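In full-length UniProt numbering, the protein residues as written are 1 to 617. We put the beta carbon where it would ideally sit given N, CA and C, even for glycine. Predicted model, so just to flag it, every value in this text is computed and none were measured. Notes for the one structure printed next.
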């Protein structure tokens with residue numbers, strides 16, 4: 001869906017769906033993308049949608065979200081219970097009240113109360129009721145599957161999301177809304193439909209709801225914040241390190257700039273707004289309001305900044321309110337500062353940096369900073385490796401693969417890595433984010449050249465942000481063949497040093513390995529296709545996968561496979577009392593799904609760490 005279209009409140013969407021007659025809902029279930037073929041026009045503070053002989057209007061004024069039923073109308077005689085109105089509102093993005101806004105107006109001038117992040121919240125009957133309602137809605141999804149989840153299931157998820165939001169369960173509400181959006185994209189055949197993300201959102205919501213039912217009190221951070229808490233920070237100086245693009249399925253785009261403070265920690269300045277990918281370039285090259293100062297992310301990421309009166313959130317985001325003071329001092333033109341000396345970990349060997357990343361990830365802290373898997377390493381470009389680039393770190397026998405952080409035509413990662421692949425032997429210092437689930441791979445974010453073979457534009461100040469700046473051939477003195485030619489060269493045996501490195505490179509594709517034969521696939525099948533898509537415990541495929549797991553010594557996984565099959569074999573646990581359906585309080589299907597997901601994630605985490613350790617030698 002076009003991210004420039006308005007959004008709609010989850011509660012209002014649920015009300016419209018439930019008010020529509022059954023025949024109208026069934027008609028839309030047969031053609032979920034009907035409104036995408038109609039003509040949408042924006043004019044006079046609203047939208048006009050021509051649906052054949054009828055016209056639907058969205059009366060927004062200066063708003064971007066449809067909040068009340070009076071803001072939407074249709075010329076049809078059956079309005080507001082007509083097919084046209086229902087098709088239009090279900091095609092809008094669902095507004096998430098907890099969605100982070102990074103406009104200047106939303107950054108708090110007044111800091112949050114210190115210690116509020118650690119305060120426990122008592123679990124009330126209302127919170128437990130919202131969690132129960134959420135599990136019931138999720139169970140209805142698992143019964144029918146996302147592909148067959150029509151408006152009734154979507155409405156149940158939205159109702160649960162609204163109730164959770166009303167009880168202050170921000171994280172749970174956001175997960176449920178993402179689930180509803182994912183179902184809509186999947187059923188409409190949207191190119192952005194992501195089944196893996198839908199499965200992750202489902203298990204996240206199940207874990208959150210189940211944890212609330214069982215606990216007497218939980219930390220406030222576990223419930224989530226409608227507005228990110230900020231507290232005073234004594235920072236005096238910041239140094240820009242990396243800028244990277246942001247583009248979300250919920251319709252937000254912009255740039256995040258990572259800066260390192262004089263206290264040795266990394267902070268972020270985030271500039272995102274509702275809109276399409278064009279906002280990425282606007283945020284990078286346009287102005288970002290920092291107190292009474294305005295500067296672009298292009299400048300901020302390459303500058304030293306003296307600051308006063310700053311506030312920061314627990315995850316490292318900096319406030320940009322009017323009381324903050326920012327004095328920007330760009331570094332000398334044409335020279336790239338050695339930023340690795342600013343962080344104690346970046347001066348260490350790559351092996352130590354990787355070990356630190358895993359140690360930080362294993363920390364029991366609830367809030368983990370975005371830079372926990374950010375590393376700085378010097379080395380040499382070797383050649384292409386698929387869509388990535390082989391990279392030889394200094395003082396390390398193994399090669400790393402620089403991957404694409406965001407594969408989208410609106411950003412420059414792919415084109416820039418293709419250009420780097422044509423420069424074998426080039427010495428660079430690169431900032432990258434480790435792929436914890438794929439040993440030997442890291443996502444390249446920014447680099448500076450360590451030789452005179454590269455000449456960047458002066459305003460780049462010697463550093464290229466790979467997702468935002470565009471490398472050109474004339475920036476390099478020596479470039480070789482295109483990526484396709486280098487790939488063909490890899491297939492021919494040669495004594496050449498670079499080809500030898502390619503042949504000896506560790507082929508680590510562990511994240512794609514089938515560590516649990518049949519188990520994870522069945523979980524995904526239940527989310528996408530419903531309980532009927534999971535074979536019975538007596539089926540041939542089930543017995544085959546169970547035997548494979550037992551033969552591999554994975555008896556716990558084999559037991560979970562049996563529990564999943566038995567849970568899916570149960571009919572929906574619903575009894576009719578009067579005219580009200582009461583779901584079973586056990587919620588066996590959702591809990592088994594979450595349990596298997598947790599088991600697989602923990603197992604894979606240890607497996608990937610072992611793979612990284614093997615890579616490290």
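- Message: Counting C-beta neighbours from all protein chains within 10 Å, is the total for residue 475 16 or more, i.e. buried, or is it exposed?
- Response: The residue given as residue 475 occupies position 475 in the chain shown. Result: buried.
- Query: What did DSSP end up calling residue 373 once you bin it into helix, strand or coil?
  - Reply: The residue given as residue 373 occupies position 373 in the chain shown. Correct three-state label for residue 373: helix.
- Item | Pick from 431, 210 and 468 that is closest to residue 345, judged by C-alpha positions | By one-based count along the chain shown, residue 345 stands at place 345. Nearest Cα to residue 345 within the set 431, 210 and 468: 431.
- How is residue 58 classed by DSSP in three states: helix, strand or coil? By one-based count along the chain shown, residue 58 stands at place 58. In the structure shown, residue 58 sits in a strand (DSSP, three-state: E or B).
- Item | residue 19 versus 85, 397 and 93, residue with shortest Cα-Cα distance | Residue 19 sits at position 19 when you count from the first residue of the chain shown. For the residues 85, 397 and 93, the minimum Cα distance to residue 19 belongs to 85.
- Task: Note down, in chain order, each residue of its chain lying with its Cβ closer than 7 Å to the Cβ of residue 34, except the 5 sequence neighbours on either side.
- Result: If you number the chain shown from 1, residue 34 lands on position 34. In chain order, 28 and 87 place their CB closer than 7 Å to the CB of residue 34, counting only its own chain and leaving out the 5 sequence neighbours on each side.
- Query: Which whole-angstrom value is the C-beta distance of residue 183 and residue 149, which I expect to be below 8 Å?
  - Reply: Here the question's residue 183 lines up with position 183 in the chain shown. Here the question's residue 149 lines up with position 149 in the chain shown. A Cβ-Cβ distance of about 5 Å is found for the pair residue 183 and residue 149, placing them in contact under the 8 Å criterion.
- Let me know if residue 452 comes out buried or exposed under the rule of 16 or more other beta-carbons within 10 Å of its beta-carbon. Within the chain shown, numbered from 1, the residue matching residue 452 stands at position 452. Under this definition residue 452 is an exposed residue.
- Query: What are the boundary residues of the beta strand (DSSP E) that includes residue 252?
  - Reply: Counting from one through the chain shown, the residue named residue 252 turns up at place 252. 252 to 261 is the span of the beta strand (DSSP E), which, as asked, contains residue 252.
- Which whole-angstrom value describes the C-beta separation of residue 24 and residue 74, a residue pair presumed to lie in contact below a C-beta threshold of 8 Å? Stepping through the chain shown from its first residue, residue 24 is reached at position 24. Stepping through the chain shown from its first residue, residue 74 is reached at position 74. Residue 24 to residue 74, Cβ: 12 Å. No contact.
- Pairing CB atoms from the stretch 140 to 157 with CB atoms from the stretch 244 to 254, are three or more of them under 8 Å? With the cut-off at 8 Å, the stretch 140 to 157 and the stretch 244 to 254 do not touch.
- Query: Helix, strand or coil: which one does DSSP assign to residue 406?
  - Reply: The residue labelled residue 406 in the question sits at position 406 within the chain shown. It is coil, neither helix nor strand.
- Message: Using 8 Å for Cβ pairs, my map puts residue 594 next to residue 207. What's the rounded Cβ distance?
- Response: What you label residue 594 is simply residue 594 of the chain shown in a count that begins at 1. What you label residue 207 is simply residue 207 of the chain shown in a count that begins at 1. Separation of the CB atoms of residue 594 and residue 207 is rounded to 5 Å, and the pair is thereby assigned contact status at 8 Å.
- Query: By DSSP, does residue 44 sit in helix, in strand, or in coil?
  - Reply: What you label residue 44 is simply residue 44 of the chain shown in a count that begins at 1. In this structure, residue 44 counts as coil in the three-state DSSP scheme.
- Reduced DSSP secondary structure (H/G/I, E/B, other) of residue 442: Taking the first residue of the chain shown as 1, we reach residue 442 at position 442. If DSSP states are grouped into helix, strand and coil, residue 442 belongs with the strands.
- From what residue to what residue does the alpha helix (DSSP H) around residue 522 run? Numbered from its first residue, the chain shown carries residue 522 at position 522. From DSSP, the alpha helix (DSSP H) with residue 522 extends over 519 to 529.
- Quick one: is residue 559 buried, meaning 16 or more other Cβ sit within 10 Å of its Cβ, or exposed? Your numbering for residue 559 matches position 559 in the chain shown. Burial call: exposed.
- Near residue 209, which residues of its chain fall below 7 Å by C-beta distance, leaving aside the five closest residues on each side in sequence? In the chain shown, the residue the question calls residue 209 occupies position 209. These residues qualify, in order along the chain: 131, 134, 135 and 172.
- Message: In this structure, how does DSSP classify residue 379 when only helix, strand and coil are distinguished?
- Response: Taking the first residue of the chain shown as position 1, residue 379 is located at position 379. Here residue 379 sits in strand by DSSP.
- Is residue 186 closer than 8 Å to residue 198 when the C-beta atoms are compared? Working through the chain shown from its first residue, we reach residue 198 at position 198. Working through the chain shown from its first residue, we reach residue 186 at position 186. The Cβ atoms of residue 198 and residue 186 sit closer than 8 Å to each other.
- Item | Rounded separation between residue 47 and residue 92 - CA only | Mapped onto the chain shown, residue 47 falls at position 47. Mapped onto the chain shown, residue 92 falls at position 92. Going by the C-alpha atoms only, they are around 12 Å apart.
- Message: As a quick exercise: from 61, 60, 63 and 36, pick the residue whose alpha carbon is nearest that of residue 50.
- Response: Walking along the chain shown from the start, residue 50 turns up at place 50. Among 61, 60, 63 and 36, the Cα nearest to that of residue 50 belongs to 36.
- Task: Name the residue from 17, 382 and 226 whose alpha carbon lies nearest to the alpha carbon of residue 80.
- Result: Looking up residue 80 in the chain shown gives position 80. Checking every option, the nearest Cα to that of residue 80 belongs to 17.
- residue 237 - containing beta strand (DSSP E), residue span: Here residue 237 refers to the residue found at position 237 when the chain shown is read from its first residue. Looking at the DSSP string, the run of the beta strand (DSSP E) that includes residue 237 is 237 to 247.
- Please go through the same chain and pick out, in chain order, the residues whose beta-carbon is closer than 6 Å to the beta-carbon of residue 103, but skip the five residues on each side of it. Within the chain shown, numbered from 1, the residue matching residue 103 stands at position 103. Any reading at residue 103 needs caution, since the residue's pLDDT is 38, under 50, leaving its predicted position unreliable; the model's value is listed next. Excluding positions up to five away in sequence, the list is empty.
- Message: So, with DSSP's three-state summary, where would you put residue 390?
- Response: Here residue 390 refers to the residue found at position 390 of the chain shown. DSSP places residue 390 in strand when its eight states are reduced to three.
- Task: Give the straight-line distance between the Cα atoms of residue 585 and residue 591, rounded to the nearest whole angstrom.
- Result: Start at 1 with the first residue of the chain shown, and residue 585 comes out as number 585. Start at 1 with the first residue of the chain shown, and residue 591 comes out as number 591. Any reading at residue 585 needs caution, since the residue's pLDDT is 47, under 50, leaving its predicted position unreliable; the model's value is listed next. Linking residue 585 to residue 591 through their CA atoms gives a straight-line distance of about 11 Å.
- Message: Using the Cβ count rule (16 or more neighbours within 10 Å means buried), how would you classify residue 295?
- Response: The count along the chain shown starts at 1 and reaches residue 295 at position 295. Counting Cβ neighbours within 10 Å, residue 295 comes out buried, since at least 16 surround it.
- Query: Alpha carbon to alpha carbon, how far is residue 355 from residue 375?
  - Reply: Here the question's residue 355 lines up with position 355 in the chain shown. Here the question's residue 375 lines up with position 375 in the chain shown. Here the alpha carbons of residue 375 and residue 355 stand approximately 11 Å from one another.
- Between residue 267 and residue 234, what straight-line distance do the alpha-carbon atoms span, to the nearest angstrom? Along the chain shown, read from residue 1 onward, the residue named residue 267 stands at position 267. Along the chain shown, read from residue 1 onward, the residue named residue 234 stands at position 234. Cα to Cα, residue 267 sits roughly 13 Å from residue 234.
- Query: Expressed to the nearest angstrom, what Euclidean distance is found between the alpha-carbon atoms of residue 429 and residue 379?
  - Reply: Taking the chain shown and counting its residues from 1, the one referred to as residue 429 is at position 429. Taking the chain shown and counting its residues from 1, the one referred to as residue 379 is at position 379. Our two residues, residue 429 and residue 379, have alpha carbons roughly 7 Å apart in a direct line.
- Item | Alpha carbon of residue 524 to alpha carbon of residue 351, nearest angstrom | Within the chain shown, the letter at position 524 stands for residue 524. Within the chain shown, the letter at position 351 stands for residue 351. One C-alpha to the other measures close to 35 Å.
- Boundaries (first-last residue) of the alpha helix (DSSP H) holding residue 89: Numbered from its first residue, the chain shown carries residue 89 at position 89. That run of the alpha helix (DSSP H) goes 83 to 90.
- Can you grab the Cα-Cα spacing for the pair residue 69 / residue 15, in whole Å? By 1-based counting over the chain shown, the position of residue 69 is 69. By 1-based counting over the chain shown, the position of residue 15 is 15. Taking the CA atoms as reference points, residue 69 sits about 9 Å from residue 15.
- Item | Whole-number beta carbon distance between residue 596 and residue 564, since they are thought to touch under 8 Å | Position 564 of the chain shown, counted from the start, is the residue given in the question as residue 564. Position 596 of the chain shown, counted from the start, is the residue given in the question as residue 596. The Cβ separation is near 6 Å, so the contact holds.
- Message: For a test of the three-state rule: what should DSSP assign to residue 302, helix, strand or coil?
- Response: On the chain shown, position 302 is the one that residue 302 refers to. Note: residue 302 maps to coil in three-state DSSP.
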